[in-house]
Every structure is written in C-alpha cells, then in structure tokens.
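Peer 1:
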Amino acid sequence: MPHMDLSLIGYIITTLSFIGLTVYAFNRKRDLYITTQNSPLFFYVVIIISLLFAFLNLFHLIELFSGDQVSFFLPPGIDTIAQFSGILVQSVLILMLFASKMVIRPAKRIGRVLAIGAHPDDIEIAAGAALAKMRDAGYLISGMVMTRGETGGNGDTRPIEAGRSAQFLGLDNVQVLDFSDAYLSKDVVKIIRAIEEMITKVQPDIIFTHSIHDIHQDHQTVYKATLRAARHPRITILCYESPSATQDFHPTYFIDVNKYVDVKIESIRKHWGQRKKPYMKSDVIRGRLAFRGAQAKVDYAEGFEVARMLSAI
Ligand SMILES: [Zn+2]
C-alpha cells in the first residue's frame, strides 16, 4: 500500500533524525551546557524534546509493523503531533543548535585573569583565543577597556560591541571606561588608579596588557600604567601583541590556541563597526596565529612578552 510505505519511510527518517539529534546534543554537551547565551536549560530542552519525538515516532513505527494493537497506549491526537509537528520541532531544534554560540562552561575556578586594553577591540585581537581557552580551563576572566574608542569609530556602539564580544568569548565581565581615545597619556595617573581599583576588586593571578613595543601611544600608556598599578601585588604580567606592535615585539611565552582560532575570529567579528580595518580580516588573524604557532612549534598560538612571571609553585 503506497500510503503505508510513505508513512513507514517518514517515521523511520523522523525517528532516526531525532535519535541523531539526541546523540549530537550529548556529544556537544560540554559546549551546549555552558554557553553564556543559553543556559543549561537549553541542553535539556533539546534532549527531552528530541527523545519525546523519537519515542512517539518509534511507537508509530512499531504500530505500522505490528498492526493496531499498541495504539491504545497513546491518547488521541498524539499520532498527529508525532507525525506532522515532529518535522517542524526538529527544524526548530536544529536551527537553535546552529544559532547557539558554543562556549564552554568551566567546571571550577582555577585562577583569575584581568585583561586590560586601551580600545574596545584590543583584547580580542591580541589575546581573544587565549582568554577563551583559559575561560574553558576554569579561569575567571575580567576585561577592562580604557576608552569607548570614539576616535577610531563610533563611541556609542563600540562599547556594546565589546560587551557582545566578551560575552561570546565567555568573559565573566568587561568594564568599558570613558577616558579620551588617543589621549590616554593625559590621564595616566587616573588610569593607574582605575587599574589599581580593578586589581583590588578582581584579585587577578595573571594580567594581560599591552606591550611597550607598540607604536600606539595609548597602548604604551596602558602598558606603563599597568606595570605601575601592579607594582606591589604578586601578579604575572603578560604583554600581548596588537597590530600596532613594533618589530621589537619578541614573544617568549606562547599559548597554544589550536581549537580557538574560529572562536577568536568570531569574537573579533562582533566588532562590526571595525570590520573594514585590514587587521580585522580573518586571513590576517589566522596568519598571525599560524606565525606565532610556528615559533611555538604548534599549529596556532598567541605570543606574549613576559613583563613578570611568577612560578606556579
Ligand atoms: Zn588599541
């Protein structure tokens, strides 16, 4: 009977698809469970709905094979839900899975990191992959941006983009201050105070900041202010590589970011207003990671200069 055959094929496909979705969600649990955009609830919604519809369709499949004997288990109307809504629900679930940006939730906090940048995109461009990886490893990560980036773009939207990017990377918080873009050296004392306050608040074990080997005056100011602000506490200070780093930038500390290349690129893409800048291109980002990776004997790495390094023991 042609109608019967079609139903059979439909139920088999739907059942297998829902089981496939369940397996996929379980395999990606570490990613799905996590994310800053979706609560663990999302994971369980996917699993429960997938299993429910897989069961309903499987039930129907058995019914088609064995006659009508088992249908009394199901309340009226459930047949229709399984048959027609199943496809729709599945499509929605798949779209949700694709739309969810997967960031990994750390099991426990193993340390605290403070990343300091002069402008809203500095942290991501220089150390986005390392921060995402450290976040997944269990570090609590705070971001601090000195300006709204009004000289290099729109000072109203750039802080919002910085927030979106930080959220995607999995930063626990990011603070955008309102010092004058391109004129940070005027406010160096206030900037030192701001960093000191942040250090007191966050109690970081590691600080990421700009390098002195950087042609941008704001970057140099942030480097100097960071070292000044962190003069007393026991903190490791790593200096990252901005596109404006000079030929004298020589990293000696590398973080293997092989799995985080796309995460970094996506985080930089969140700075949509800056997308036309040459250093925002994914090829350029990937190329730099590959270059530093080659120096570190891995595929992709971010390189840092060590301003101060405390041993782990
Ligand atoms: Zn900058």
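Per our numbering, the sequence shown starts with residue 341, numbered consecutively. In this text, a Cβ means the ideal position worked out from N, Cα and C, and glycines have one as well. Note that the structure is a prediction, hence the values are computed from the model and not measured.
#1: Tell me the DSSP secondary structure of residue 645 in three-state form.
#2: Could you tell me which of 632, 549, 522 sits nearest to residue 535, measuring between CA atoms?
#3: Where residue 547 and residue 579 are concerned, what is the direct C-alpha to C-alpha distance, given to the nearest angstrom?
#4: On the CB-based measure, 16 or more other CB atoms within 10 Å of its CB, does residue 659 come out buried or exposed?
#5: How many angstroms separate the CA atom of residue 573 from the CA atom of residue 521?
#6: Since residue 593 sits in a beta bridge, which residues does DSSP pair it with?
#7: Between which two residues does the beta strand (DSSP E) containing residue 517 stretch?
#8: Taking the continuous beta strand (DSSP E) assigned at residue 480, which residues delimit it?
#9: Check residue 365 in the structure and name its three-state DSSP category.
#10: Measuring from the CB of residue 556, is there a heavy atom of ligand 1 at a distance below 7 Å?
#11: Alpha carbon to alpha carbon, what distance is there between residue 492 and residue 499?
#12: Our contact map puts residue 453 next to residue 481 with C-beta atoms below 8 Å; I'd like the distance itself, whole angstroms only.
#13: Reducing DSSP to helix, strand and coil, say where residue 451 ends up.
#14: So, under 8 Å CB-CB, residue 469 and residue 603 are touching, yes? Tell me the CB distance rounded to an integer number of Å.
#15: Considering only C-alpha positions, which residue in the set 349, 566, 544, 561 is nearest to residue 450?
#16: Any residues whose CB sits closer than 5 Å to a heavy atom of ligand 1? List them in chain order?
#17: Spatial neighbours of residue 653 within its chain, please: C-beta separation below 8 Å, excluding the five flanking residues on both sides.
#18: In chain order, what residues of the same chain have a beta carbon less than 6 Å from the beta carbon of residue 475, not counting five sequence neighbours either side?
#19: Which word fits residue 641, buried or exposed, when buried means at least 16 other C-beta atoms lie within 10 angstroms of its C-beta?
#20: Indicate whether residue 610 and residue 490 have their beta-carbon atoms separated by less than 8 Å.
#21: Got a sec, what are the start and stop residues for the alpha helix (DSSP H) residue 605 sits in?
#22: Could you tell me the alpha carbon to alpha carbon distance between residue 427 and residue 512, rounded to whole angstroms?
#23: Please look up how many angstroms separate the CB atoms of residue 558 and residue 458, rounded, as I've assumed it's under 8 Å.
#24: At the level of alpha carbons, what is the spacing between residue 620 and residue 638?
#25: Is residue 531 near residue 585, with beta carbons less than 8 Å apart?
#26: Short of 6 Å in beta carbon distance, which residues of its chain neighbour residue 384, apart from the five on each side in sequence? Order them along the chain.
Peer 2: Once the coordinates are examined:
#1: Of the three classes helix, strand and coil, the one that applies to residue 645 here is strand, per DSSP.
#2: When C-alpha distances from residue 535 are compared across 632, 549, 522, the shortest belongs to 549.
#3: Cα-Cα distance, rounded: 8 Å.
#4: This structure leaves residue 659 out entirely; the chain is present only between 341 and 653.
#5: In this structure, the alpha-carbon of residue 573 lies about 28 Å from that of residue 521.
#6: Partner(s): 644.
#7: 513 to 519 is the span of the beta strand (DSSP E), which, as asked, contains residue 517.
#8: Residue 480 -> beta strand (DSSP E) spans 479 to 487.
#9: For residue 365, the secondary structure class from DSSP, reduced to helix, strand or coil, is helix.
#10: For ligand 1, at least one heavy atom lies less than 7 Å from the Cβ of residue 556.
#11: In a straight line, the C-alpha of residue 499 is about 12 Å away from that of residue 492.
#12: So it is a contact: roughly 5 Å between Cβ atoms.
#13: Per DSSP, reduced to three states, the secondary structure at residue 451 is strand.
#14: Right, their Cβ atoms sit about 6 Å apart.
#15: Comparing Cα-Cα distances from residue 450 to each of 349, 566, 544, 561, the minimum goes to 544.
#16: The answer, residue by residue, is 458, 459, 462.
#17: A distance below 8 Å between beta-carbons, with the five flanking residues on each side excluded, links residue 653 to no residue of its chain.
#18: Closer than 6 Å at the Cβ level, and outside the excluded window around residue 475, lie 481, 510.
#19: By the C-beta density criterion, residue 641 is buried, having at least 16 other C-beta atoms within 10 angstroms.
#20: Not a contact, by the Cβ cut-off of 8 Å.
#21: Note, residue 605: alpha helix (DSSP H), 601 to 609.
#22: The straight-line gap separating the alpha-carbon atoms of residue 427 and residue 512 is approximately 37 Å.
#23: Between the beta-carbon of residue 558 and that of residue 458 there is about 4 Å, and that keeps the pair under the 8 Å contact cut.
#24: Pairing residue 620 with residue 638, the inter-Cα distance amounts to about 23 Å.
#25: Cβ distance not < 8 Å, so residue 531 and residue 585 don't count as in contact.
#26: Here the set comprises nothing.
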